[in-house]
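Residue numbers (this note's numbering), protein chains in the order written: chain A, 6 to 142; chain B, 6 to 142; chain C, -14 to 63; chain D, -14 to 63. See structure below.
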Amino acid sequence: MALWEQAHHPAAGGVVLFSGEVRNNHQGKEVSHLSYEAAEQMANKMIAALLDEAKQRWELQVAIAVHRLGKVSVMETAVVVITAAAHRAEAYAANQYIIDRIKHHVPLWKCEHFVDGERAWGGHCSCKQKSTGNIEP
Amino acid sequence: MALWEQAHHPAAGGVVLFSGEVRNNHQGKEVSHLSYEAAEQMANKMIAALLDEAKQRWELQVAIAVHRLGKVSVMETAVVVITAAAHRAEAYAANQYIIDRIKHHVPLWKCEHFVDGERAWGGHCSCKQKSTGNIEP
Amino acid sequence: MITLEFFAGLKDYFPPVMEVRETPEDINSLRRYLIDQQSFAKTLLEQCRFAVDDTFVHEDYPLRQGDLVLVIPPSSGG
Amino acid sequence: MITLEFFAGLKDYFPPVMEVRETPEDINSLRRYLIDQQSFAKTLLEQCRFAVDDTFVHEDYPLRQGDLVLVIPPSSGG
């Protein structure tokens, strides 16, 4: 991956890469593919701000996040987050923080297309956090 | 990286890769390179057992760990851990567990070679855990 | 007049872009207006966040003539 | 007789492989024997773990004629 080339830094001892990939099943139903949609300009601004925030908070040398839009097939990568820090604890913590915020806060939506032809708009995060409908500015 | 090719699975939604890389400094001294030594047969057995344990405990689809021996230069990767699970929380947790065990428990040693010609056998983990000298069977 | 943009599952109930002739007083009024328009989308609309100028705004944010308002269902990226 | 293998920083004080003619009773006796041999390495030897058959063994593990014992300083991989 080309992104990986950008992930190294002489002062970084720990690099963590997260890849969110499309599973072949969801709640027992066979998944054909996913498609992603975003409020694109707003999502891009929020991700850029999120990476800046994480860089400062965990003193990262590298913070990268890329989310695909449109159709993504089973086993393909939908989102990648890379963090690099002097020590590994910070790289892990920042990485998890960034992906959690992307999944729950950034205006990005997953639509699951099942093999049986049905489709469902997501909200089915792996961490099972309920959408609360809170208005968070 | 060739290892990354093996890290994907149709039932895995989250893949985490950790890369431990050589930093250009340690406690203010400029690092020339590192060298690693292992009780090799024992280390290999322990890493294999560790990966099996993690696979069961976190229901991983993939668990890979490779540690280099001999000379490793600044910005090069000394150790890689890859974990894949249905959901990301398990992939992160297992990944951190595996690298912590490799750093603190598996018979592997880092020797830091400094630009000024000095060298020091490691024990300088990023998590600052003190070597306790406990006999852990 | 304000302009609304709808995303994801909301587009099963509303067009991607829609104009509202009478500018509602605030986000809360807008939310109630939309629920009145499409009661089938009530649950989803109650969960939505709203954004103006690419920034999430509170329930009491005062809307102004010409605002572009994004109607944002719960995020599900990743 | 047992055979010892030393690693990492211990090799500043001991050869990579060394034989001990009289088999010590257990790991504890072996540790004390080594500290007697090389008092400069006392701190490091006190921190070491020992392995027989590629498995860490306790302080009271009974050594047997012919054992290959690995003398293992604190790990510092990664």
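Heads up, the beta-carbon is just placed ideally off N, CA and C, and yes, glycines get one too.
DSSP state of residue i mapped onto helix, strand, coil
i         : result
Asn139/B  : Any reading at Asn139/B is ruled out, since the residue's pLDDT is 38, under 50, leaving its predicted position unreliable.
Asn13/D   : helix
Asn30/A   : strand
Met47/A   : helix
Arg73/A   : coil
Leu19/C   : helix
Thr82/A   : strand
His110/B  : coil
Ile87/B   : strand
Arg49/D   : coil
Glu95/A   : helix
Ala36/C   : strand
Thr8/C    : coil
Leu65/B   : coil
Ala23/B   : At residue 23/B the sequence reads Phe, which differs from the Ala that was named. Reduced to three states, the DSSP call for Phe23/B is strand.
Phe25/C   : helix
Tyr(-2)/D : coil
Ala125/B  : strand
Glu44/C   : coil
Residue closest to residue i, alpha-carbon to alpha-carbon, out of the options
i        : options                                 : result
Arg71/C  : Arg16/C, Phe25/C, Glu4/C                : One cannot answer for residue 71/C here, as it falls past the ends of chain C, which runs -14 to 63.
Ala26/C  : Met(-14)/C, Ile57/C, Tyr(-2)/C          : Tyr(-2)/C
Val79/B  : Arg106/B, Glu45/B, Leu55/B, Glu117/B    : Glu117/B
Val21/A  : Ala12/A, Gly127/A, Tyr41/A              : Ala12/A
Arg49/C  : Phe(-8)/C, Gly(-6)/C, Phe(-9)/C, Val5/C : Val5/C
Ile52/B  : Ile69/B, Ser37/B, Gly122/B, His38/B     : Ile69/B
Val77/A  : Leu39/A, Glu10/A, Ile104/A, Gly19/A     : Leu39/A
Asp85/D  : Met47/B, Glu10/B, Asp121/B              : No answer is possible for residue 85/D: it lies beyond the span of chain D, which begins at -14 and ends at 63.
Gly18/A  : Asp105/A, Val86/A, Glu64/A, His109/A    : Glu64/A
Ile104/B : Arg28/B, Gly122/B, Glu10/B, Ala59/B     : Ala59/B
Euclidean distance between Cα positions of residue i and residue j
i          : j        : result
Ala99/B    : Asn49/A  : 31 Å
Leu29/D    : Glu26/A  : 46 Å
Val111/A   : Arg62/B  : 32 Å
Leu74/B    : Pro1/D   : 17 Å
Gly51/D    : Tyr102/A : 54 Å
Tyr97/B    : Ala16/A  : 23 Å
Asp11/C    : Glu95/B  : 42 Å
Phe23/A    : Gln32/D  : 36 Å
Leu8/A     : Leu19/C  : 42 Å
Thr88/B    : Ser24/C  : 45 Å
His92/A    : Val71/A  : 23 Å
Gln66/B    : Asp21/D  : 50 Å
Glu81/A    : His14/B  : 10 Å
Val56/D    : Asp57/A  : 47 Å
Leu(-11)/D : Gly62/D  : 22 Å
Glu42/A    : Trp114/A : 5 Å
Asn30/B    : Ile107/B : 22 Å
Glu35/A    : Arg124/A : 11 Å
Ala(-7)/C  : Gly127/A : 9 Å
Val42/D    : Ala36/D  : 5 Å
Leu55/A    : Val84/A  : 15 Å
Leu(-5)/D  : Pro58/D  : 7 Å
Phe119/A   : Gly33/A  : 11 Å
Glu44/C    : Val54/C  : 13 Å
Phe(-9)/D  : Ser14/D  : 17 Å
Glu7/D     : His109/B : 32 Å
Arg28/A    : Glu10/B  : 16 Å
Ser60/D    : Gly122/A : 54 Å
Ala90/B    : Ser37/A  : 19 Å
Met3/C     : Val86/A  : 35 Å
Pro47/D    : Pro9/D   : 8 Å
Contact list for residue i against chain B, beta-carbon separation under 7 Å
i        : result
Ile104/A : Arg93
Tyr143/A : In this structure chain A extends from 6 to 142, so residue 143/A is not present and cannot be described.
Neighbouring residues, chain G, relative to residue i (Cβ below 8 Å)
i       : result
Gln46/B : No chain G appears in the structure shown, which is made up of the protein chains A, B, C and D.
Neighbour list for residue i in chain A, Cβ cutoff strictly below 7 Å
i          : result
Ile(-13)/C : Ordered by position in chain A, no residue passes the 7 Å Cβ test against Ile(-13)/C, which lies about 16 Å from the chain.
His161/B   : The requested residue 161/B does not occur in the structure, where chain B is confined to residues 6 to 142.
Per-residue contacts from residue i into chain A (C-beta, under 9 Å)
i       : result
Ala16/B : Arg28, Asn29, Asn30
Beta-carbon neighbours of residue i, restricted to chain B and to distances below 9 Å
i         : result
Phe(-1)/D : What Phe(-1)/D touches in chain B: nothing, since even the nearest Cβ is about 14 Å away.
Residues that residue i contacts on chain D, provided the C-beta gap is smaller than 7 Å
i       : result
Ile87/B : Those do not exist, as Ile87/B stays about 15 Å from chain D at its closest Cβ, beyond 7 Å.
Any non-hydrogen atom of the ligand NAP within 8 Å of residue i CB
i          : result
Leu(-11)/D : Ligands in the displayed structure: none, and consequently the ligand NAP is not present.
Chain-ordered neighbours of residue i on chain C, where CB pairs are closer than 7 Å
i        : result
Glu42/A  : Phe(-8), Ala(-7)
Gly127/A : Ser61
Ala59/A  : None at all; the shortest Cβ gap to chain C is about 16 Å.
Neighbour list for residue i in chain C, Cβ cutoff strictly below 8 Å
i        : result
His110/A : Ser60
Members of the stretch 16 to 41 of chain C near chain A, C-beta cut-off 8 Å
From the stretch 16 to 41 of chain C, only Glu31, Gln32, Cys33, Arg34, Phe35, Ala36, Asp39, Thr40, Phe41 have a Cβ closer than 8 Å to chain A.
Please list the residues of the stretch 63 to 81 of chain A that have a C-beta atom closer than 8 Å to any C-beta atom in chain B, keeping them in chain order.
Flagged, chain order: Val79, Met80.
Please list, in chain order, the residues of the stretch 19 to 33 of chain B that have any C-beta partner in chain A closer than 8 Å.
The residues in question are Gly19, Val20, Val21, Leu22, Phe23, Ser24, Gly25, Glu26, Val27, Arg28, Asn29, Asn30.
Got a sec: which bits of the stretch 47 to 61 of chain C sit with their beta carbon under 7 Å from any beta carbon on chain A, in order along the chain?
Answer set for the stretch 47 to 61 of chain C: Leu55, Ile57, Pro58, Pro59, Ser60, Ser61.
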